[in-house]
Amino acid sequence: MATSISGLTRLTYLTIIFEFPASESRPNRRPPLTRVVLPALTNMTFQGDNGYLEDFIARIDAPRLNDLNIYFFNQPAFNISQLLQFITRPGMTKSYNRVGVVFYRTYVAFFHRPPEGTNISRSLMLAISGRWTRRQVSYMAQICSRYSFLLPSVEQLDICHCYPSEYHWHVDSAEIPWLELFRPFTAVRTLRISRLAQSSIVRTLQELTGERAIEVLPALDGLYLEDYQPSGPVQKVIESFIATRRYSDHPVAVHRWKG
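Residue numbers 4 to 262, in the working numbering, belong to the letters of the sequence shown in order.
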């Protein structure tokens, strides 16, 4: 594939979509000594197996790439070493300090973005198919763990949903690995949570007592809850977490987020 587009020096948008997962895994290949340079490419979208993507991006260079959107099929374990090398080249994720984790009906997406209010147009999205919250959070925790060396600069983390049904979230919070998802975000000061995810996440944060108070999100000082009501049910659950953080000299203020 990389060789076939090597002559497209004016190519600005590239989309590669596979409708179904590969029937068998692709053999590991050694990266080439030279890469195909796509000097005009600014936007790339890929949907398919990570094995094919790893092989492809090991063979290309896109110095002007601004927007990268990756959709992986449901894969319990995956290697993204070439992807990580690709996105850490100069300019791709420079100055990114915001991450959004967005839950959809059939997949979960990770967005890494520049600061709000800037004129930087770059963005990175990684998504994995999956229908249930527990599985989606587990997959996203894997991505964040592999991506962790780029997360120390992230100061804002948003947890959002893009569907109206509450049925998707009717899972025991103990079964959802929220803490594993949050663990790499050591510099996050602002955590914003959409309405449907609040109960599950807040109950998990409630478990962080005593010496575990700053086990995850140690820099957090602002918790923003969508449509938050100080007298609502979430307030009663979050009180112990707020008190624990205050006693550990790492206070967290709770605010209302309009979403």
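Note that the Cβ used here is the ideal one computed from N, Cα and C, for glycine as well. Treat the numbers as computed from the prediction; the structure is a model and nothing was measured.
Classify residue i as helix, strand or coil using the three-state DSSP reduction.
i	result
residue 58	helix
residue 89	helix
residue 75	strand
residue 49	strand
residue 158	coil
residue 132	strand
residue 3	Summary: the structure shown does not reach residue 3, with the chain confined to residues 4 through 262, and so no result is reported for it.
residue 68	coil
residue 229	strand
residue 44	coil
residue 153	helix
What is the residue span of the beta strand (DSSP E) that residue i lies within?
i	result
residue 116	110-116
residue 104	101-106
residue 206	Segment 198-208 is the alpha helix (DSSP H) holding residue 206; no beta strand (DSSP E) there.
residue 214	Residue 214 -> no beta strand (DSSP E), and no H or E assigned at all.
residue 20	16-20
residue 83	Neither: residue 83 is in no beta strand (DSSP E) and is coded neither H nor E.
residue 259	256-260
Which two residues bound the contiguous alpha helix (DSSP H) that contains residue i?
i	result
residue 237	236-250
residue 147	136-149
residue 185	181-185
Find the nearest neighbour of residue i within the set the options, judged by alpha-carbon distance.
i	options	result
residue 161	150, 227 and 203	227
residue 77	252, 139, 119 and 60	139
residue 244	211, 178 and 234	211
residue 194	54, 157, 206 and 69	157
residue 86	101, 100 and 127	127
residue 103	232, 69, 89 and 165	165
residue 8	121, 64 and 119	64
residue 213	249, 48 and 15	249
residue 41	206, 11, 222 and 59	11
residue 6	24, 21, 16 and 61	61
residue 52	252, 89 and 130	130
residue 143	74, 155, 121 and 100	74
residue 119	236, 206 and 100	100
residue 201	219, 240 and 184	240
residue 254	69, 225, 238 and 230	225
residue 141	232, 181 and 13	181
residue 217	236, 251 and 234	251
residue 82	54, 19 and 221	54
Meets three-Cβ-pair contact criterion under 8 Å: the stretch 176-188 and the stretch 146-155
yes
Any contact between the stretch 42-59 and the stretch 111-121? By contact I mean 3 or more CB pairs, one from each, below 8 Å.
no
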